[in-house]
Amino acid sequence: MAWTDAQQSAIDSRGENLLVSAAAGSGKTAVLVQRIIDIVLNEKVDVQNLLIVTFTNAAAAEMKDRIQKMLMQRMLDNPQESHYLTKQIQNLPRASISTMHSFCIDILRRNFHMLDLDPSFKIANNALVSIMKTQAMESLFDEAYDSDDVLFLSLVDSYGGTKDDKKLSDLIDKVYNFIQSQPYPLKWLESEAESFNISSFDELSTSKWMQVIKDDIRIKLDAAYDAGKKAIELCKLEGGPLPYLAAIEDDLLLIDDLKSKLEQSFADFIQAIAEVKHSRFAAISKKMKEELDVALVDEVKAIRDTDIKASGIKAIQKSIKNISQGFQLEDIKNLYPLMKALYKTVARYDELYSEIKLANSVLDFSDLEHYALRLLENEAVREDLRAKYTYIFFDEYQDSNIVQETIISAIKREDNLFLVGDVKQSIYRFRLADPTLFIDKYHSYAKADDRPNKRIDLSNNFRSRPAILEFINDIFSAIMNEDLGEVAYDDSAKLIPGMDFPVEKNKVELVVLENHKLEEDDELAEDADMDNPELEAMYVSSRIKELLGKEHYNPKAKEFQKITYRDIVILMRSPKSSIAAFEKVLKDDRIPCYVDYSASYYDVLEVKLFIDLLKIIDNIEQDEALLAVMNSSIGGFSLDEIIEIRVAYKKGAIYQALLSYMADNDNELSIKINTFLDRIKTYRFKEKLQRLDEFLWYLMNDTGYYSDLAAMPGGQMRQENLKALLDKASEFQSNTTNGLFNFLHYIDKLLKDKGDTQEAKALSESEDRVRIMSIHKSKGLEFPVVFVCGLSKGFNKADFKQDIMLHNSLGIGPKYVDLDKNVYRESLPKTAIKIQSNKEMLSEELRILYVALTRAVDTLIMVGSVKDIEKLATRASKSTSTSYLLSQSNYLSWMLIALYKHRDASALRDYAVREVIEDDTSYKSSFKLSLVAKYDLLKLSQREREDIDNMEAILRDYKADSSETLNPEVISVINSRFSYEYPYKEQTMQVSKTSATMLAKSVLDASKISVVIQSMPRFMQKVKTFSASQRGTLMHFAMQNINLNQVASPSEIEDQLDMMHVNELLTSEERASLDSEMLYEFFCSELGKRMRRSKNVIRENSFMLKKDEVLVSGVIDSYFEEDGEWVLVDYKTDYLGTDSKKDKAEMYRPQLELYKEALESSTDKPVKEAYIYLFDIQEAVRVI
11 MAWTDAQQSA
21 IDSRGENLLV
31 SAAAGSGKTA
41 VLVQRIIDIV
51 LNEKVDVQNL
61 LIVTFTNAAA
71 AEMKDRIQKM
81 LMQRMLDNPQ
91 ESHYLTKQIQ
101 NLPRASISTM
111 HSFCIDILRR
121 NFHMLDLDPS
131 FKIANNALVS
141 IMKTQAMESL
151 FDEAYDSDDV
161 LFLSLVDSYG
171 GTKDDKKLSD
181 LIDKVYNFIQ
191 SQPYPLKWLE
201 SEAESFNISS
211 FDELSTSKWM
221 QVIKDDIRIK
231 LDAAYDAGKK
241 AIELCKLEGG
251 PLPYLAAIED
261 DLLLIDDLKS
271 KLEQSFADFI
281 QAIAEVKHSR
291 FAAISKKMKE
301 ELDVALVDEV
311 KAIRDTDIKA
321 SGIKAIQKSI
331 KNISQGFQLE
341 DIKNLYPLMK
351 ALYKTVARYD
361 ELYSEIKLAN
371 SVLDFSDLEH
381 YALRLLENEA
391 VREDLRAKYT
401 YIFFDEYQDS
411 NIVQETIISA
421 IKREDNLFLV
431 GDVKQSIYRF
441 RLADPTLFID
451 KYHSYAKADD
461 RPNKRIDLSN
471 NFRSRPAILE
481 FINDIFSAIM
491 NEDLGEVAYD
501 DSAKLIPGMD
511 FPVEKNKVEL
521 VVLENHKLEE
531 DDELAEDADM
541 DNPELEAMYV
551 SSRIKELLGK
561 EHYNPKAKEF
571 QKITYRDIVI
581 LMRSPKSSIA
591 AFEKVLKDDR
601 IPCYVDYSAS
611 YYDVLEVKLF
621 IDLLKIIDNI
631 EQDEALLAVM
641 NSSIGGFSLD
651 EIIEIRVAYK
661 KGAIYQALLS
671 YMADNDNELS
681 IKINTFLDRI
691 KTYRFKEKLQ
701 RLDEFLWYLM
711 NDTGYYSDLA
721 AMPGGQMRQE
731 NLKALLDKAS
741 EFQSNTTNGL
751 FNFLHYIDKL
761 LKDKGDTQEA
771 KALSESEDRV
781 RIMSIHKSKG
791 LEFPVVFVCG
801 LSKGFNKADF
811 KQDIMLHNSL
821 GIGPKYVDLD
831 KNVYRESLPK
841 TAIKIQSNKE
851 MLSEELRILY
861 VALTRAVDTL
871 IMVGSVKDIE
881 KLATRASKST
891 STSYLLSQSN
901 YLSWMLIALY
911 KHRDASALRD
921 YAVREVIEDD
931 TSYKSSFKLS
941 LVAKYDLLKL
951 SQREREDIDN
961 MEAILRDYKA
971 DSSETLNPEV
981 ISVINSRFSY
991 EYPYKEQTMQ
1001 VSKTSATMLA
1011 KSVLDASKIS
1021 VVIQSMPRFM
1031 QKVKTFSASQ
1041 RGTLMHFAMQ
1051 NINLNQVASP
1061 SEIEDQLDMM
1071 HVNELLTSEE
1081 RASLDSEMLY
1091 EFFCSELGKR
1101 MRRSKNVIRE
1111 NSFMLKKDEV
1121 LVSGVIDSYF
1131 EEDGEWVLVD
1141 YKTDYLGTDS
1151 KKDKAEMYRP
1161 QLELYKEALE
1171 SSTDKPVKEA
1181 YIYLFDIQEA
1191 VRVI
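Next comes the structure, spelled out in structure tokens:
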């Protein structure tokens, strides 16, 4: 592969800490893997001496797979290195290539004794965490109320709910969860509570909160001042509004005065900005107007109205409207005892929760990192890890946090770090990721004197066509900076095309749909009442049908390919509210789609209905759940029948109405009600007799609900979602025996907290469907055709309305509450945190937009919808200042502001109230802007429906003997589709890759494959005994991992197997199934003794061998060196039966001959003997 200079530098640089800032599509994973391979091959650093931290388990698995493939390819190309490469491949499964959590688990298990941890500790799943936290919270409140703690009661009154303690308990848990992103959580919280201990104005004016507020004011004043200077320049131009000059100059003097007061006295500044009055523009005579340039006049007006007034002075007035220095000092003094109480309450909650975890010998995920930190306080442990890891790699570094940073800092050497990521793709702040860690190094590592630290920028994009990259560069150059985005989008950040594409037009489109109300007498008015997602779905559906069958360019294959459904993805910021509309429209238009969105699966219809059934089994007097079940395939009641019951008995609960109807009537409906209620009673009885997971599985089948789902559209996915509920029940059951009521309570908590985002997956990559997914889910992926929808959806600012806000550097931001005076207002800390959090939220949203646009390979289509395009255009025309950008509430506004003066945006400017001076020539991109009215889209949809109806009529009436009346082209299409034969049928029967075992079996014609349809979920299949295949796998595992120096007696083998169980390499059942006597017999045999005497024993060695154009892969159980030659041993655990030893030897001869050939070709040493060892009769049989 030809690397760019920057890539080669990232691969080759040594003796330095590297920060690789890798833009989207820049090949960072390939660079990372190549650097690892070079280190392993050229520097002979064992893979076990590398620490490679990934963001997800899937990324770790992919990394291992890539490394293994490259090592195996190297072994095929260089057989002389096979011994060393074999060792590296064998060590790869044990290498430290994992998430940070997995790494922490590893070091905790190795050093558990230093922390008094149970060596067999387990990681608590979500169900157990929820249960333990609930127990801890209940104990906490019981203790607090019993103690009559005055401060705690004040906390309850100030921040608790009016009905129950849920609001306060949620707050305590929220604070607890938030502080887990700190290295020392409770110390941090105590310190932040103590920061409210302020007694003077001087302390307040120098506080971190006041600095944030002042910095924000400075930014706004500076932006207003710069805008004013620009307006003055425009006034002085030929045709400029010179009469406006005096007013603008007065504005600049006013801003200068405000800046001065801000630095001298905040109290004076507050008074001054509250009294601001702007001079009026001087009048322009009619005669003078004729001589002025209207565009210049409009530009100066817009600068003053938007940049100086709205985004400047008025924005500052709004942000500090609740701030009075006197009030704020008293507020903070009064809040201090409450914040101390909050700290003590959270600390006690932490203590109670920890006690419960200790009693259950479990840790949660945050414990892993914090216990690891405690462990790393020990110098010996730090030095051991520092000595072990020659190089440390951290992938997706932009999504790390300070805890992870502290762990890595404790074990790194002076110059062995390799950090890779892209801060422009940091989109996980909601998971407490801290992009400032990357940003700080981004700036410091770029300095020449910051040795041994170095920054390398990978800017070449090897994914997208140049037109897409130029468009992205134009957008983000205009709007991304250190205030919005937290990083400047300068030349070093711009994407550089790295792939060749043929030039094609209209590959980048921005579509704005106008969702205006149609007149009542319009023929399409009945169909026009739709929300934005439905309108966008209609547009996207029509474009998909238009694109399908056309060609896209594949730059990697260097060829044009037909566009299929699976080439298309629809991305949205948060698809939850739009999924239903898109699914319905696409399915109505016969476009197969798949929703790849990790919303809680309890929210999907089929699971919600089943939960409703569980609710009425637990307590039937729940009207909503009862009605839902009755009016479903489970209950079988029609809507008319339910109405008949309710009309007859209007008062009381539905259940009472059912009982009354049944008592007062003797008809088919009363019999139906009786049968239904009897079934519910039966289920209630059975629930008490069965395990929860078993009962749910029984219920799904007895009601026929599970089978019914299979017949519905998307049936497989629906069934998978229901099975996922079974898995959750099994997980819950393993932690408690509290039954159905508590399970429903647990599910309800997950729904309210949105705490479970696991979604069952049932889509193969090869399935031809359009994908619908969130932008977050798409990170790291690419698609030929990308639709980015929902551009006009507002950003979510719900967190800013909470009573207490939290920030990793600004601490706690509570609402001020005075219960005696019934006063509620925003405190200074909360104002500061809201200002900072708003910037960070908007910056993250901008980075999310960047991720979305960089997914496209060949075609990028962006879609937003608004009520009034004219208003949108006018807003876009007002300003490009950062202050104005920070006031926007959706992606579409940002994009149109950035593109407003683009030569291809003339259609937008036609709608704006004011004129533009001239097109901006700095834009490099070209794109198509489409402004589409709802009427036009509805008209197009109507014509498409008519065309479909006509074609269906033709097909319905089609007869072969009347074909002459039809269009010959239609007949040709019908006949060709029904007579189609796949042209490459023979190739589907050819094998390109196989295993040594299967190839050997095919030689003997002994390969018989049976397919078992597994209808029961895996967790329901409680394996009491292991199958022959499973027993063989376990025996091979034991033979691979047993220490050959500790097999002198059965008890030594027993001890080794027990240790494998302690280390969770074997389950209790697996350990029990292994016979130490049988293993001991092997090591006592002549063959076993020879193996033990050898100084070079290789076990479970993978290989690949090309044979007759087929790539054969396999694993050799063991081989050992004897007098410079190999002795090969293959273990067999199958039952000998009536076969003779000779028969068995002949059966496995082809397989061992393949092993022999592979071993000899890779090592250049001959195989002198090959054996199978039959554990069934405890005897070795020579084959070769």
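According to this note's numbering, the sequence shown is numbered sequentially starting from 11.
Ideal placement from N, C-alpha and C gives every residue a C-beta, glycine not left out.
- Look at the beta carbons and you see the segment 500-518 touching the segment 469-482: at least three pairs across the two are nearer than 8 Å.
- The DSSP-derived three-state label of D1149 is coil.
- The segment 532-580 is shown to contain whole beta strand (DSSP E) runs of 3 or more residues at 561-564 and 569-572, in chain order.
- T1077 carries a coil assignment under DSSP once its states are collapsed to helix, strand and coil.
- With at least 16 other beta carbons inside 10 angstroms of its own, N542 counts as buried.
- Across the structure, Y716 and F686 are spaced so that their CA atoms are roughly 18 Å apart.
- Note on geometry: alpha-carbon atoms of E248 and L263 lie some 25 Å from one another.
- DSSP links N470 through a beta bridge to I506.
- For I843, the uninterrupted alpha helix (DSSP H) segment begins and ends at L838 to L863.
- Here D703 is not bridged, per DSSP, to any residue.
- In terms of Cα proximity to T1173, the closest of S149, P253 and L95 is L95.
- DSSP, read as helix, strand or coil, puts G1042 in helix.
- Only residues of its own chain outside the window of five on either side were considered, and among them L801 and L859 have a CB closer than 6 Å to the CB of Y901, listed in chain order.
- For the 8 Å CB-CB criterion, L214 and Y359 do not form a contact.
- Burial state of T355 is buried, judged by a 10 Å Cβ sphere holding 16 or more other Cβ atoms.
- Listed in chain order, the non-local C-beta contacts of R76 below 6 Å within the same chain comprise V43, local neighbours out to five positions each way being set aside.
- Checking the DSSP bridge columns, you'll see H817 partnered with G821.
- Residue nearest to K825 within the set N52, M349, S289 and T216 is M349 (criterion: CA-CA distance).
- DSSP places E1179 within a strand segment (E or B) once states are collapsed to three.
- Here the C-alpha atom of S217 lies approximately 21 Å from the C-alpha atom of T446.
- The shortest C-alpha to C-alpha distance from L623 to any of G646, I1187, F122 and D868 is the one to G646.
- Bridge pairing for F404: V63 and L429 [DSSP].
- For a cut-off of 8 Å, the C-beta gap from D425 to E26 is around 6 Å, short enough to register as a contact.
- Taking the Cα positions, R423 is about 44 Å away from Y1141.
- In the same chain as L252, and ignoring 5 residues on each side of it, the C-beta atoms closer than 6 Å to its own belong to C245, in chain order.
- Each residue's CA atom was taken as its position, placing R1192 and P103 some 31 Å apart.
- I330 counts as buried, since at least 16 other C-beta atoms from the protein chains shown sit within 10 angstroms of its C-beta.
- In this structure, V41 is the residue among V41, K691, S23 and M727 with its C-alpha nearest to the C-alpha of A12.
- Relative to the Cα of F742, the nearest Cα in the group E569, Y756, L732 and E514 belongs to Y756.
- Counting along the chain, F793 sits inside the beta strand (DSSP E) bounded by residues F793 to V798.
- Excluding the 5 residues flanking it on each side, K572 has same chain C-beta neighbours closer than 7 Å at G559 and E561, in chain order.
- For G322, the secondary structure class from DSSP, reduced to helix, strand or coil, is helix.
- Between R835 and the set I333, K324 and L306, the nearest pair of CA atoms involves I333.
- Contact check for Y1183 against V1139 passes: the beta carbons are separated by less than 8 Å.
- Taking all protein chains shown into account, I1187 has fewer than 16 neighbouring C-beta atoms within 10 Å of its C-beta and is therefore exposed.
- Comparing alpha-carbon positions, the option among I182, N677, N684 and E678 lying closest to Y665 turns out to be N684.
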